[in-house]
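I have placed the structure first, in the form of structure tokens, so that the comments after it can refer back to it.
Protein chains: 2
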Amino acid sequence: MTTFNFSLSKRASTATSSVIREILKVTERPDVISFAGGLPSPEGFPVEKLRQAYDTVMSNHPKVALQYGPTEGYRPLREWVVSDFKARGVDITVDNVLVVSGSQQALDLIGKLFIDEGSKVVLESPSYLGAIQSFNQFGPTYAAVPTDELGLVPEGLTDEIAKDARFLYALPNFQNPTGRTLNLERRIALVKRCAELNLPLIEDDPYGELRFEGEALPGLFALSQQYGGTVIRMGSFSKVLAPGMRIGFVIAPEAIIAKMVQLKQATDLHTASITQMAVYEAVKDGFLTEHLPKVRELYKRQCGYMLEALEENFKGIDVTWTHPSGGMFLWLTFNESINTTELLPRAVDEQKVAYVPGQPFYPLADKPVTNNLRLSFVTVPEDKIRTGIANLAKLFK
Amino acid sequence: MTTFNFSLSKRASTATSSVIREILKVTERPDVISFAGGLPSPEGFPVEKLRQAYDTVMSNHPKVALQYGPTEGYRPLREWVVSDFKARGVDITVDNVLVVSGSQQALDLIGKLFIDEGSKVVLESPSYLGAIQSFNQFGPTYAAVPTDELGLVPEGLTDEIAKDARFLYALPNFQNPTGRTLNLERRIALVKRCAELNLPLIEDDPYGELRFEGEALPGLFALSQQYGGTVIRMGSFSKVLAPGMRIGFVIAPEAIIAKMVQLKQATDLHTASITQMAVYEAVKDGFLTEHLPKVRELYKRQCGYMLEALEENFKGIDVTWTHPSGGMFLWLTFNESINTTELLPRAVDEQKVAYVPGQPFYPLADKPVTNNLRLSFVTVPEDKIRTGIANLAKLFK
Numbered sequence: 001m002t003t004f005n006f007s008l009s010k011r012a013s014t015a016t017s018s019v020i021r022e023i024l025k026v027t028e029r030p031d032v033i034s035f036a037g038g039l040p041s042p043e044g045f046p047v048e049k050l051r052q053a054y055d056t057v058m059s060n061h062p063k064v065a066l067q068y069g070p071t072e073g074y075r076p077l078r079e080w081v082v083s084d085f086k087a088r089g090v091d092i093t094v095d096n097v098l099v100v101s102g103s104q105q106a107l108d109l110i111g112k113l114f115i116d117e118g119s120k121v122v123l124e125s126p127s128y129l130g131a132i133q134s135f136n137q138f139g140p141t142y143a144a145v146p147t148d149e150l151g152l153v154p155e156g157l158t159d160e161i162a163k164d165a166r167f168l169y170a171l172p173n174f175q176n177p178t179g180r181t182l183n184l185e186r187r188i189a190l191v192k193r194c195a196e197l198n199l200p201l202i203e204d205d206p207y208g209e210l211r212f213e214g215e216a217l218p219g220l221f222a223l224s225q226q227y228g229g230t231v232i233r234m235g236s237f238s239k240v241l242a243p244g245m246r247i248g249f250v251i252a253p254e255a256i257i258a259k260m261v262q263l264k265q266a267t268d269l270h271t272a273s274i275t276q277m278a279v280y281e282a283v284k285d286g287f288l289t290e291h292l293p294k295v296r297e298l299y300k301r302q303c304g305y306m307l308e309a310l311e312e313n314f315k316g317i318d319v320t321w322t323h324p325s326g327g328m329f330l331w332l333t334f335n336e337s338i339n340t341t342e343l344l345p346r347a348v349d350e351q352k353v354a355y356v357p358g359q360p361f362y363p364l365a366d367k368p369v370t371n372n373l374r375l376s377f378v379t380v381p382e383d384k385i386r387t388g389i390a391n392l393a394k395l396f397k
Numbered sequence: 001m002t003t004f005n006f007s008l009s010k011r012a013s014t015a016t017s018s019v020i021r022e023i024l025k026v027t028e029r030p031d032v033i034s035f036a037g038g039l040p041s042p043e044g045f046p047v048e049k050l051r052q053a054y055d056t057v058m059s060n061h062p063k064v065a066l067q068y069g070p071t072e073g074y075r076p077l078r079e080w081v082v083s084d085f086k087a088r089g090v091d092i093t094v095d096n097v098l099v100v101s102g103s104q105q106a107l108d109l110i111g112k113l114f115i116d117e118g119s120k121v122v123l124e125s126p127s128y129l130g131a132i133q134s135f136n137q138f139g140p141t142y143a144a145v146p147t148d149e150l151g152l153v154p155e156g157l158t159d160e161i162a163k164d165a166r167f168l169y170a171l172p173n174f175q176n177p178t179g180r181t182l183n184l185e186r187r188i189a190l191v192k193r194c195a196e197l198n199l200p201l202i203e204d205d206p207y208g209e210l211r212f213e214g215e216a217l218p219g220l221f222a223l224s225q226q227y228g229g230t231v232i233r234m235g236s237f238s239k240v241l242a243p244g245m246r247i248g249f250v251i252a253p254e255a256i257i258a259k260m261v262q263l264k265q266a267t268d269l270h271t272a273s274i275t276q277m278a279v280y281e282a283v284k285d286g287f288l289t290e291h292l293p294k295v296r297e298l299y300k301r302q303c304g305y306m307l308e309a310l311e312e313n314f315k316g317i318d319v320t321w322t323h324p325s326g327g328m329f330l331w332l333t334f335n336e337s338i339n340t341t342e343l344l345p346r347a348v349d350e351q352k353v354a355y356v357p358g359q360p361f362y363p364l365a366d367k368p369v370t371n372n373l374r375l376s377f378v379t380v381p382e383d384k385i386r387t388g389i390a391n392l393a394k395l396f397k
């Protein structure tokens, strides 16, 4: 712990290196099979399409691409988002869309928009670790809405939990970390309940396009147009094109977008013009409708390998796991005597396999839950999935 | 003013649309000659070099360019910054360098690092408006260190002003808004004084490479290696390559960088991999040593046109202006009866010319200073500079 001869902010003084970060370091060791990453598969990157997109932008519009741009984002890209959502029956205009520097920036702006020191924030339990870290910057307290094997339980959002809360943050599709998807009935119930409570609902949907089983369900923002309430929806090109471009977007009521634009201006002025233009160039002619089925097929295959390997190797171990219909993650639940945080060093050292322990995904630090772990099925090749899962099983036997 | 049926954070409730933003809207009117922008000249963008750089990156390293990357930044780019500073006698390693999404993000991270609600921040008076807006997000109070025609007055940094302050933020080269440059004597005095006070010194240097007159002076970070104290230096590729890429960097003691990395991770995970790689590809073989002289020559010429036009047209008006030796801006000071904020609508409507009034650059809102204005000399062509300045003079006659 470094000490300074001057004062830092409270947030900086209490910030610690993240668990995910430390784990990602481990996963760089070539002898370790890592299911810990949250990285999409580079096999799914449309390299040639994006190479061409950059070249087209730099050949046709270099002086716009290289100049400062509006904080709201590159207008044709915002219009593309509008038309993409209109095609799914969501009624929005360009004033409902803000382009951001990846979904993580949307989380930062949500924190800035809503959280004062001590404000209450409601999360699913467990919830996305990156969101918890982002919100932590603004000093909130957390309340947790319970989840079961079908995800968030809308009836669990009691008056007491919601009281004075600034917002509820949820991932309805293939949730990170659990891989669970909220069914339509619960989505409607959740939107109605939040509307009734005047509780803004943050819908994070980075994986929605990665559904490889079953039918797409309407999003919470779409349902709010029917059932009322305020929903702020976060979307991303990280999983459908490539994360290294850091392009995401927020869809929200116009007055909310206007506030977020003010905050984003103070945060980074605007997202890189050239990158927004390259994304637009890549997607504008319907490329995703040919590209996404390939990514979905790849992820479905990968998920299948891991489920098979779990069936084969985890017989006789007291454990259940989720069967995601999309996304990137599986979630294992052991009996409560197991502590996956404590076991991680042994998994890495003895079995040469890495996972993310479940504990940091739980927002209430005073009630630690230690018997879960998260596995990513997307980047590891089939043979290593089988070896890695077999090795992991040895640890729990 | 929109009202919501839920609560926003204090920062969001009090945020208002920025003066700069409203002005930039005006400048989009084709009939207005705008000296209000802070945009670098697109004539200086190395379009072909950057087009090739993107193409090389996407041809040679597409899967790194499109994947998530480390929060600290693309290592070869950080190493390039190290070698660039070593060549000027500044002794740093890669652990002293963080890549950020433009200098504005560095300001956001500085605010996150240091400012709690009510913390005192010391600024030059006047100071950069974008910094004030960024720091405002975290609820500071401001103290102002006086400036004169040579810039910040180090002796003006009294014990009282510095007491309990979290940092002092300064732009030593071609300051925004005044265009003034701090001389070596004052730089040394400032670094020594801050070291004595244990007051971290933030050195913002977006324009340092745009010196078109006189010799470069050592930066505050460099001087801190000789005279002690903690300096955090912000640099940017916006003015030497292109702002639309949003790539900047921070140089600071290793322990400070480590804290900023934690904060950046929660803020946007990392800056776009592909963009960092394209910047590296463009600069790695010494391109800037051939490119920058052209930009400096262009800016020098532009500055000359404006100074000539001011001499010609502002005779007989009670006004002084700065003679910058680099950067983008000139600063006019009228007698105290003039209110440039009130005159702006008339400038635009009657004279078809736009400037930025000086008032919002002053950090102490309770002591408004209204008799200054800022002019950018870089983007307007020579004939329009002459017409615009002649029209502006009519307003003040």
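Going down the list, the sequences are from chains A and B. For the first sequence, full-length UniProt numbering gives the first residue as 1, with consecutive numbering after it. For the second sequence, full-length UniProt numbering gives the first residue as 1, with consecutive numbering after it. Glycine included, every Cβ here is placed at the ideal spot set by N, Cα and C.
The beta carbon of residue 291(B) sits closer than 6 Å to the beta carbons of 46 from its chain, once the five residues preceding and following it are set aside; these are given in chain order. Counting only the Cα atoms, residue 266(A) lies some 13 Å from residue 258(A). The residues 90 and 91, in chain order, have a CB closer than 8 Å to that of residue 225(B) in the same chain once the five nearest residues on each side in sequence are set aside. Collapsing the DSSP output to three states places residue 147(A) in a strand.
Using a C-beta cut-off of 8 Å, the stretch 105-116 of chain A makes contact with the stretch 127-138 of chain A, since at least three inter-stretch Cβ pairs fall below that distance. Looking at the DSSP output, residue 320(B) bridges to 333(B).
When C-beta atoms of the stretch 164-176 of chain B are compared with those of the stretch 318-337 of chain B, three or more pairs fall below 8 Å, so the two segments count as touching. With respect to the 9 Å criterion, residue 249(B) and residue 106(B) are classified as neighbours on the basis of their beta carbons. Shown here for residue 280(B): same chain residues with a beta carbon closer than 7 Å to its own, the five before and five after excluded, namely 74, 76, 77 and 80 in chain order.
Residue 253(B) and residue 124(B) have their alpha carbons spaced roughly 23 Å apart.
Residue burial is scored here from C-beta neighbours: residue 204(B) has at least 16 other C-beta atoms within 10 angstroms and is therefore classed as buried. Burial is judged here by how many other beta carbons sit within 10 angstroms of a residue's own beta carbon; residue 268(A) has at least 16 and is buried. Between residue 314(A) and residue 389(A), the C-beta gap is smaller than 9 Å, which places the two residues in contact.
By a beta-carbon distance limit of 8 Å, residue 374(A) contacts residue 331(A). Their separation comes to about 6 Å. For residue 130(B), the enclosing alpha helix (DSSP H) starts and ends at 129-136. As a beta-bridge residue in DSSP terms, residue 357(B) pairs with 373(B). Linking residue 200(A) to residue 230(B) through their CA atoms gives a straight-line distance of about 42 Å. Between residue 62(B) and residue 166(A) the beta-carbon gap is near 41 Å, outside 8 Å, which marks them as no contact. Taking the Cα of residue 368(A) as reference, the smallest distance to any Cα among 342(A), 186(A), 233(A) and 56(A) is reached at 342(A). Under the DSSP assignment, residue 170(A) falls outside any alpha helix (DSSP H), being part of the beta strand (DSSP E) whose first and last residues are 165-170. Residue range 287-313 is occupied by the alpha helix (DSSP H) that includes residue 306(B). By the 16-neighbour rule on beta-carbons within 10 angstroms, residue 346(B) is exposed. The bridge partners DSSP lists for residue 13(A) come to none. Chain order gives the chain A residues near residue 243(B) as 66, 67 and 68, where near means a beta carbon separation below 8 Å. Close CB contacts of residue 245(B) within its chain, under the 6 Å cut and outside five residues either way in sequence, are with 275 (chain order).
Secondary structure remark: continuous alpha helix (DSSP H) runs of at least 4 residues inside the stretch 41-65 of chain B, in chain order: 47-60 and 62-65. DSSP, read as helix, strand or coil, puts residue 115(A) in coil. DSSP places residue 88(A) in the coil class of the three-state scheme, outside both helix and strand.
Listed in chain order, the positions of the stretch 198-214 of chain A with a beta carbon within less than 8 Å of a beta carbon of chain B are 198, 199 and 200. Interface annotation, residue 117(A): in contact with chain B, CB-CB separation under 9 Å.
DSSP, reduced to helix, strand and coil, places residue 237(B) outside both helices and strands of the structure shown, so it counts as coil.
At a C-beta separation below 7 Å, residue 395(B) has no neighbours in chain A, since its nearest C-beta there lies roughly 27 Å away.
Counting other Cβ atoms within 10 Å of its Cβ, residue 65(A) reaches 16 or more and is therefore classed as buried. Distance from the Cα of residue 303(A) is smallest, within the candidate group 185(A), 183(A), 210(A) and 392(A), for 210(A).
For residue 32(B), the CB contacts under 8 Å within the same chain, skipping 5 residues up- and downstream, are 26, 348, 352, 353 and 354 in chain order. Bridge pairing for residue 249(B): 99(B) and 235(B) [DSSP].
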